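Report on one structure; see the data block that follows.
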Amino acid sequence: MRNDLANVPPMGWNSWNTFFDTYDESLIMEMADILVSEGYRDCGYQYLILDDCWLEKDRDPSGRLVPSRSRFSNGIEPVIRYIHDKGLKFGIYACCGVRTCAGYPGSFEHENQDALLFAKWGVDYLKYDNCHRPSSLGSELLYRRMSLALRNSGRDILLAACQWGTEDVRKWIRSTGAHTYRSTIDIRDSWNSIKSITEERLMDLEDGSTGCFNDMDMLVAGMYGQGSNPETTSEGCSFEEYQTHFALWAMLNSPLIIGCDLRHLDPSVKALLQNRDLIAINQDPEARTCYKLTCPCSPDAFTLVRPLAGGDYAVGIFNFAENEQQAGFPFWDLGLSARNNQRLHFYDCLSHQDLGTFTECFSAKVPAHGCRIYRVSLVPQLSVNQ
Ligand code: GLA
Numbered sequence: 052m053r054n055d056l057a058n059v060p061p062m063g064w065n066s067w068n069t070f071f072d073t074y075d076e077s078l079i080m081e082m083a084d085i086l087v088s089e090g091y092r093d094c095g096y097q098y099l100i101l102d103d104c105w106l107e108k109d110r111d112p113s114g115r116l117v118p119s120r121s122r123f124s125n126g127i128e129p130v131i132r133y134i135h136d137k138g139l140k141f142g143i144y145a146c147c148g149v150r151t152c153a154g155y156p157g158s159f160e161h162e163n164q165d166a167l168l169f170a171k172w173g174v175d176y177l178k179y180d181n182c183h184r185p186s187s188l189g190s191e192l193l194y195r196r197m198s199l200a201l202r203n204s205g206r207d208i209l210l211a212a213c214q215w216g217t218e219d220v221r222k223w224i225r226s227t228g229a230h231t232y233r234s235t236i237d238i239r240d241s242w243n244s245i246k247s248i249t250e251e252r253l254m255d256l257e258d259g260s261t262g263c264f265n266d267m268d269m270l271v272a273g274m275y276g277q278g279s280n281p282e283t284t285s286e287g288c289s290f291e292e293y294q295t296h297f298a299l300w301a302m303l304n305s306p307l308i309i310g311c312d313l314r315h316l317d318p319s320v321k322a323l324l325q326n327r328d329l330i331a332i333n334q335d336p337e338a339r340t341c342y343k344l345t346c347p348c349s350p351d352a353f354t355l356v357r358p359l360a361g362g363d364y365a366v367g368i369f370n371f372a373e374n375e376q377q378a379g380f381p382f383w384d385l386g387l388s389a390r391n392n393q394r395l396h397f398y399d400c401l402s403h404q405d406l407g408t409f410t411e412c413f414s415a416k417v418p419a420h421g422c423r424i425y426r427v428s429l430v431p432q433l434s435v436n437q
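Under the working numbering, residue 437 is the last one in the sequence shown; the count climbs by one each step, no gaps.
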C-alpha cells in the first residue's frame, strides 16, 4: 500500500459547484477529455470527482449502492475505466449519515460494504459528507469508521472529510485517518463567501498540513455567476477576486479542486488555474503553514509568508479593503537582521517576472480585493562582514 496520498494537497475537478444534479456520463467523460487535452492534468489536477446525486434513490436488495441508471446507462465502471485510461484518478461522494445532503442513500451502517464496492470499482478518492446523521452519534466516530473501512478495502483511497467545521473538527480529524477536511461552510460564487472562508481560516494558521490538509472548499474561479447549482451560484466575482481566491487557496495549503465548467472557461481564468508558480507553492513538498503579518498603514491588507523547500519563501500581499492600498512589510518581520542590509530577490508569480533585489522593506500597490504573490530568496552575501 502507498502512504503518500496526502503529502501535498490533492488537485482535481468536481461536479458540484456548476452541475449540481445535471451531469451524466457524457459530460463527465468530456470533462476528463478537457482535463487532459487542455493541460490541466499535466499541471497536477489529477482527480475527477463526482459529487452528490450520482445514485439511485434506493440501495439494491443486497444493500449495494446503485449508480443512477439515467446518468450512467452502462453503470459507472466504464466511466471510471475511461477516466483511468486518461491517466486521471476517480473520486466519488458519499455521506456518513443515513442520506446524503441531496437525499440519496448514505453510508451509515454500510461503511464497510460501500468501501469494498468503491475499491472494487477503482475509486481513488472519497468525499465523505456530514448530513442526516443520527443525532446521538458524533461525526468523529463516523469518520473513523469510514477511514477504517477504506484502509481495509485493499485499495488506496484518499478520504476527504466534508465536515464543515462543526464539533471542533480540527482537534480530532487528523486522528481519524482522513487526508483532507472541510472546516467551513459551503463556498458560494461571491467575494463575500471567499472573504469569510478566508477570515475563518486565518484564525488558525498552523492548522492543516502534510497528511491532513484543511480544505477551504472547491474553487469557484471562472464561474462568473453561471451554473445550475442554486446552493453555489451567486453574483460571481471579478477576475481580480478569482485571482486572490486562487492565490489564497494556494498559499494556505488548501486542496485545489476546480468547480467551473471547463468547456466555457475564460482564457485568463484558465491561465490562472494553470499558473505553475502558484501551483508550485500549493504543492511545495515541505507543505509548511503560513504566518501572517499585518500592515500598520492598511488595516485591511495583510501579508502571508510561507517557507518553501530549498530555502525560498512564498510571500502574498492581500488587500481586502474596498480601495487600492500601498501594502507591504519590513524585512526584519521575516527574520532578517536590521543591521546588515541583507537583500531579498523578488520573483512575481502573477506576471512571471524577476523584479530584482530589495533591501530593508518591500511594498506594492494592491488593488481592492487583489493580491501580489512573490517567490522570495535571500541574496547570498559575499562575506560575513559585508
Ligand atoms: C454539502 C457539501 C457540498 C456538497 C453538497 C452535496 O453541502 O458541503 O460540498 O457536496 O453537500 O449535496
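Every residue, glycine too, gets a C-beta built ideally from N, C-alpha and C. Quick caveat: nothing in here was measured; it's all calculated off a predicted structure.
Cβ-Cβ separation, residue j to residue i (assumed contact under 8 angstroms), whole Å
i: Thr261; j: Ala338; result: 4 angstroms
i: Ala352; j: Asn370; result: 5 angstroms
i: Phe290; j: Pro60; result: Going by Cβ atoms, the distance from Phe290 to Pro60 rounds to 23 angstroms, so no, they are not a contact pair.
i: Thr227; j: Ser204; result: Thr227 to Ser204, Cβ: 16 angstroms. No contact.
i: Ile143; j: Phe169; result: 6 angstroms
i: Phe297; j: Leu253; result: Going by Cβ atoms, the distance from Phe297 to Leu253 rounds to 17 angstroms, so no, they are not a contact pair.
i: Ile484; j: Trp64; result: Residue 484 is absent from the structure shown; the chain starts at 52 and stops at 437.
i: Leu303; j: Cys346; result: With a Cβ gap of about 18 angstroms, Leu303 and Cys346 do not count as contacting.
i: Ser279; j: Phe123; result: In fact, because the Cβ distance is near 19 angstroms, the residues do not count as touching under 8 angstroms.
i: Trp172; j: Ile238; result: Actually they do not touch by this definition, with Cβ atoms about 28 angstroms apart.
i: Arg426; j: Ala389; result: Their Cβ separation, rounded to whole angstroms, is 23 angstroms, which puts Arg426 and Ala389 out of contact at 8 angstroms.
i: Asp240; j: Thr284; result: 6 angstroms
i: Asn391; j: Thr410; result: At roughly 10 angstroms, the Cβ-Cβ gap does not stay under 8 angstroms, so Asn391 and Thr410 are not in contact.
i: Asp96; j: Leu86; result: Strictly speaking, residue 96 in this sequence is Tyr, with Asp absent from that position. The pair is a contact, with the Cβ atoms about 6 angstroms apart (cut-off 8 angstroms).
i: Gly379; j: Cys412; result: 6 angstroms
In DSSP terms, what residue i is bridged to
i: Phe290; result: In DSSP, Phe290 forms no bridge with anything.
i: Val417; result: Gln376
i: Ser260; result: Cys263
i: Trp215; result: Beta-bridge pairing links Trp215 to no other residue.
i: Ile309; result: Trp64
Span of the alpha helix (DSSP H) around residue i
i: Ala200; result: Ser190 to Arg202
i: Val220; result: Val220 to Thr227
i: Gly321; result: In the sequence on display, residue 321 carries Lys and not Gly. Pro318 to Leu324 is the extent of the alpha helix (DSSP H) around Lys321.
i: Ala83; result: Glu76 to Ser88
i: Thr69; result: Trp67 to Phe70
i: Lys171; result: Glu162 to Trp172
i: Asp111; result: It is not in any alpha helix (DSSP H) - Asp111 carries neither H nor E in the DSSP assignment.
i: Ala331; result: Arg327 to Asn333
i: Ile245; result: Trp242 to Leu253
Under 8 angstroms between C-beta atoms of residue i and residue j
i: Leu344; j: Asp384; result: yes
i: Pro185; j: Arg110; result: no
i: Leu99; j: Leu139; result: yes
i: Thr235; j: Met274; result: no
i: Ser428; j: Gly362; result: yes
i: His420; j: Glu292; result: yes
i: Gln214; j: Arg202; result: no
i: Ala301; j: Ile330; result: yes
i: Thr408; j: Arg394; result: yes
i: Arg150; j: His183; result: yes
i: Arg327; j: Cys147; result: no
i: Gly189; j: Glu160; result: no
i: Thr69; j: Asp312; result: yes
i: Met62; j: Leu307; result: yes
i: Thr249; j: Leu299; result: yes
i: His396; j: Val430; result: yes
Proximity to residue i [Cα-Cα], best of the options
i: Ala212; options: Glu191, Gln97 and Tyr91; result: Glu191
i: Cys348; options: Arg327, Ala372, Leu256 and Arg252; result: Ala372
i: Asp180; options: Asn163, Asp103 and Asn65; result: Asp103
i: Cys152; options: His161, Leu106 and Phe123; result: Leu106
i: Leu377; options: Ala365, Ala389, Ile238 and Thr354; result: Strictly speaking, residue 377 in this sequence is Gln, with Leu absent from that position. For Gln377, the nearest C-alpha among the options comes from Thr354.
i: Asn243; options: Asn163, Gly287, Leu395 and Lys222; result: Gly287
i: Asp175; options: Arg225, Glu128 and Gln214; result: Glu128
i: Ile208; options: Asp165, Trp223 and Arg221; result: Asp165
i: Leu210; options: Glu162, Phe397, Thr217 and Leu401; result: Glu162
i: Val487; options: Ser319, Arg327, Ala145 and Asn391; result: For the chain, the structure presents residues 52 to 437; residue 487 sits outside this window and is missing.
i: Ser319; options: Val87, Leu401, Glu76 and Gln432; result: Leu401
i: Ser158; options: Glu250, Pro431, Tyr194 and His396; result: Tyr194
i: Gly357; options: Glu257, Gly216 and Thr69; result: Looking at the sequence provided, one finds Arg at residue 357 rather than Gly. Per the Cα distances, Glu257.
i: Val220; options: Arg206, Gly259 and Ile245; result: Gly259
i: Ile245; options: Arg196, Ser305, Ser187 and Ser121; result: Ser305
i: Asn58; options: Pro336, Arg196 and Val417; result: Pro336
i: Arg120; options: Pro112, Gly114, Ser113 and Lys108; result: Lys108
i: Arg92; options: Pro112, Lys137, Ser113 and Ile79; result: Lys137
i: Ala229; options: Gly126, Ala200 and Leu78; result: Ala200
i: Ser77; options: Pro381, Asp255 and Arg314; result: Arg314
Range of the contiguous beta strand (DSSP E) that encloses residue i
i: Leu210; result: Leu209 to Ala212
i: Ile127; result: Element bounds for Ile127: n/a, residue is neither H nor E.
i: Cys146; result: Lys140 to Cys146
i: Lys343; result: Tyr342 to Thr345
i: Pro423; result: One point to set straight first is that residue 423 is Arg, not Pro, in the sequence displayed. Arg423 -> beta strand (DSSP E) spans Cys422 to Leu429.
i: Tyr364; result: Tyr364 to Asn370
i: Asp266; result: Phe264 to Asp266
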